[in-house]
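Everything below concerns the one structure shown next.
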Amino acid sequence: MASNVFDVLNNRACRGLALGALALMLGTGVAQASTLEVSNARLSLLPGNTPGAGYFELANSGEETVTLVGAESPAFESVEMHVSSEHEGMAHMHAIESLDIAPGERIEFAPKGHHLMFMRRIEALSEGDKAEVVLEFSDEQRLPVTFDVVSPASL
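For the sequence shown, the positions run -33 to -1, 1 to 122 when mature numbering (1 follows the signal peptide of the UniProt record, and there is no 0) is used.
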């Protein structure tokens, strides 16, 4: 009987320590994310299974440069970061691996510039729906963002 009491106490102590550690990690993540702000998050989708484009503004109010290295969404097989540009009258688009956001800087992901490409839909989405996306940073921060699904005509 005595060993059962100690087993219960040890299990409770372990659970308490685990919950305390989890709360500490979550608290730290929230504090780090508080220096980043995302606004105006929109996901433009055409009918069918064509890629979608994600647009938003990302502001860094912290004191250190942060580096955006990717994104993921349960609604898509993959999400890539791209940038569009124009050179000698020709439009170009290519994938980028990362994007630095300096302290005090606000980066706009917009048509004809930086954007996220959402590839191969897993979930059915329509105009007016919400899509969950997680932005990933080089320091292992993960910032959840809800994107409004919009028509390309609304951009």
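Just so it is clear, CB atoms sit at the ideal spot from N, CA and C, and this is done for glycine as well.
- Between Leu10 and Phe85, the C-beta gap is smaller than 8 angstroms, which places the two residues in contact.
- Under the three-state reduction of DSSP, Ala20 is assigned to strand.
- For Asn27, the beta-bridge partners assigned by DSSP are Leu3.
- Assignment of Ser40 by DSSP, reduced to helix, strand and coil, places it in the coil class.
- Judged by DSSP secondary structure, Thr113 falls within the beta strand (DSSP E) whose first and last residues are Arg109 to Val117.
- With a beta-carbon spacing of about 14 angstroms, Val50 and Ile68 fall beyond the 8 angstroms limit used to define contacts.
- Within the DSSP bridge table, the entry for Thr34 names Asp67 as partners.
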